[in-house]
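Chains A and B, in that order, give the protein sequences. Going by numbering that gives the first Met the number 0, 113 is the number at position 114 of the first sequence; the sequence numbering is gapless. Going by numbering that gives the first Met the number 0, 130 is the number at position 131 of the second sequence; the sequence numbering is gapless.
2 protein chains.
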Amino acid sequence: MSKFKILIVEDEPVIAENISIYLDNNDFEVSAIAYDSDEAIEQLEANTPDAVIMDINLESEQDGIDIAGYINSKIHIPFLFLTSYSDKHTLDRAKAVKPSGYIVKPFNEKTLLASLEIAISNFASEDNQTQPALDMEKINQHLLSPLTEREFQLAGLVYNGVTNSQISEQHFISLNTIKTHLKNIYLKLDVNTRYNLIVRLRQLMNK
Amino acid sequence: MSKFKILIVEDEPVIAENISIYLDNNDFEVSAIAYDSDEAIEQLEANTPDAVIMDINLESEQDGIDIAGYINSKIHIPFLFLTSYSDKHTLDRAKAVKPSGYIVKPFNEKTLLASLEIAISNFASEDNQTQPALDMEKINQHLLSPLTEREFQLAGLVYNGVTNSQISEQHFISLNTIKTHLKNIYLKLDVNTRYNLIVRLRQLMNK
DNA sequence: TATAAAACCACCCTTTTGGGTGATAAGCCG
DNA sequence: CGGCTTATCACCCAAAAGGGTGGTTTTATA
């Protein structure tokens with residue numbers, strides 16, 4: 000299997016280099032590093048990567064969220080935000096463009112790899128026609144009490160094998176919150192372990 | 000959904016009655032109780048149940064294992080053995096007829112329910128064409144080091160949501176043994192949790 | 001029959017999950 | 001406005017699963 004090509008968008012050369020080297024050493028291929036949004040868009044047009052990691056805060060007038068908007072409207076690939084702590088307004092803007100994940104600085108390198116892998120595989124499985132993605136309507140048809148959007152989202156992550164701590168890191172919510180959601184999901188689906196949740200979802204999707 | 004019909008084959012009326020009452024109170028329907036093998040076969044011919052629970056040791060000349068032989072050759076339903084501790088020879092004979100599970104006396108009632116449910120659902124999923132059962136050849140194609148038969152069997156149980164303690168009760172092997180097998184399976188499949196094992200098996204079956 | 005592979009089991013310790021309870025904040029709606 | 005739902009989080013405890021190590025017995029087979 001060939002390596003996944005990753006575009007890095009990061010205005011701080013030291014950080015960009017570090018990430019690049021780390022990815023190259025771990026079965027990814029860094030297709031390019033863009034230091035501002037113009038370069039990023041050039042790269043996206045020239046050579047579509049399999050995923051993009053981008054800093055939210057760039058020096059240029061356009062930031063990572065703007066680039067995300069471009070990606071969403073023009074191409075079909077997953078992207079993750081690389082970010083230090085931000086104000087609520089920025090976070091809200093970031094959420095609105097539906098990133099596949101967030102990586103919060105300072106991050107450890109394993110987190111980076113895991114987030115990337117999860118983002119790419121989830122994104123791929125959403126598209127994959129032979130392996131039908133979870134369908135919230137279809138699932139809810141069979142339930143007395145339907146799943147909420149958030150619950151469905153978390154159920155989907157569990158369905159794809161993501162652990163609670165990975166969910167926590169990717170989505171900025173605490174382990175406790177995830178556990179609370181899962182308890183509610185388990186009630187609605189009538190299961191009591193995460194692997195039985197997976198099995199049940201598989202069953203419901205095959206009905 | 001209508002209830003699953005269960006045939007009980009047990010020569011001890013007190014035990015048979017207890018099981019019957021408990022199943023009736025828990026979303027199963029006891030279609031009949033047979034006190035010997037002749038009655039059992041009559042019932043099987045008259046009114047096919049969804050599953051059979053039968054004592055291995057019956058007073059009559061034919062025992063539960065003989066009935067199992069009849070089931071295997073004539074009809075297509077899952078059956079479980081109800082048994083107290085037996086000699087090795089009997090156990091070997093029992094294993095040879097491929098029961099869907101064993102319930103060891105004294106058993107607690109929840110064990111009984113769980114075993115039944117698992118037996119029926121696994122049996123159903125083996126047949127189910129829309130939801131392809133696991134295929135050992137297909138799985139092993141993708142592995143450097145193939146699963147053994149036993150490992151594949153355990154992987155299948157995990158795939159269907161069965162817990163370690165349920166496996167232990169159904170198959171007469173210790174929790175430690177199961178854990179050892181699972182460790183080896185995880186190595187071969189390159190995962191480290193049972194839910195990631197499920198996800199991986201799903202992926203491999205969809206390739 | 002020697003040898004290797006497979007199946008079985010135990011102990012220890014850590015990590016992850018699950019279950020119960022209670023609480024707060026935001027948004028919706030009659 | 002007041003109640004309802006949803007999403008968020010905390011704390012506690014118990015159960016289950018995972019990782020490491022080392023061992024014995026069975027079975028297949030060269």
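Every residue, glycine too, gets a C-beta built ideally from N, C-alpha and C.
Determine the DSSP secondary structure at residue i, reduced to helix, strand or coil.
i: Tyr101(B); result: strand
i: Ile172(B); result: coil
i: Asp126(A); result: Unreliable placement is indicated for Asp126(A), whose pLDDT of 46 sits below 50; no coordinate value is reported for it.
i: Leu81(A); result: strand
i: Ile197(A); result: helix
i: His180(A); result: helix
i: Glu58(A); result: coil
i: Leu186(B); result: helix
i: Leu143(B); result: coil
i: Gln165(A); result: helix
i: Leu203(A); result: helix
i: Met0(A); result: Confidence at Met0(A) is low in this model, with a pLDDT of 44, below 50, so the placement of that residue should be treated as unreliable; the coordinate-derived value is given next. If DSSP states are grouped into helix, strand and coil, Met0(A) belongs with coil.
Am I right that residue i and residue j are in contact with their C-beta atoms under 8 Å? What's the rounded C-beta distance?
i: Ile18(B); j: Thr47(B); result: 19 Å between Cβ atoms; not a contact.
i: Ala40(B); j: Phe80(B); result: Here the sequence assigns Ile to residue 40(B), which means Ala is not the residue at that position. Not really, about 17 Å apart at Cβ, beyond 8 Å.
i: Val13(B); j: Ala33(B); result: That pair is no contact at about 15 Å.
i: Asp232(A); j: Leu43(A); result: Chain A is shown from 0 up to 206; residue 232(A) falls before or after that span and cannot be answered.
i: Leu115(B); j: Ala50(B); result: 6 Å
i: Asp35(A); j: Val29(A); result: Actually they do not touch by this definition, with Cβ atoms about 17 Å apart.
i: Arg199(A); j: Val190(A); result: 5 Å
i: Leu174(B); j: Ser167(B); result: 5 Å
i: Val96(A); j: Ala67(A); result: 4 Å
i: Ile177(A); j: Leu153(A); result: 7 Å
i: Met204(B); j: Leu133(B); result: 6 Å
i: Lys206(B); j: His141(B); result: 7 Å
i: Gln169(A); j: Gly63(A); result: Rounded, the Cβ-Cβ distance is 17 Å, inconsistent with contact.
Over what stretch of residues does the alpha helix (DSSP H) that includes residue i continue unbroken?
i: Glu150(A); result: Glu148 to Tyr158
i: Ile64(A); result: Gly63 to Lys73
i: Lys137(B); result: Met135 to Gln140
Residue i lies in the beta strand (DSSP E); which residues open and close that run?
i: Ile76(A); result: First-last for Ile76(A): undefined, no H or E at that position.
i: Ile52(A); result: Ala50 to Asp54
Please find out if some non-hydrogen atom of the ligand ADP comes closer than 6 Å to the beta-carbon of residue i.
i: Lys73(B); result: Summarising the ligand content, the structure contains no ligands, and the ligand ADP is consequently not present.
_Closer than 9 Å between beta carbons: that is the criterion. Which residues of the region 16-38 of chain A meet it against chain B?_
none
_Quick check on the DSSP output: what are the complete beta strand (DSSP E) runs of length 3 or more inside the region 4-44 of chain B, in order along the chain?_
27-33
_Give me the subset of the region 164-196 of chain A whose CB atoms are less than 9 Å from a CB atom of chain B, sorted by chain position._
Val190, Thr192, Arg193, Tyr194, Asn195 and Leu196
*Taking a Cβ distance cut-off of 8 Å, strictly less, list which residues of the region 147-166 of chain A are near chain B, in chain order.*
Val157, Tyr158, Asn159, Gly160 and Thr162
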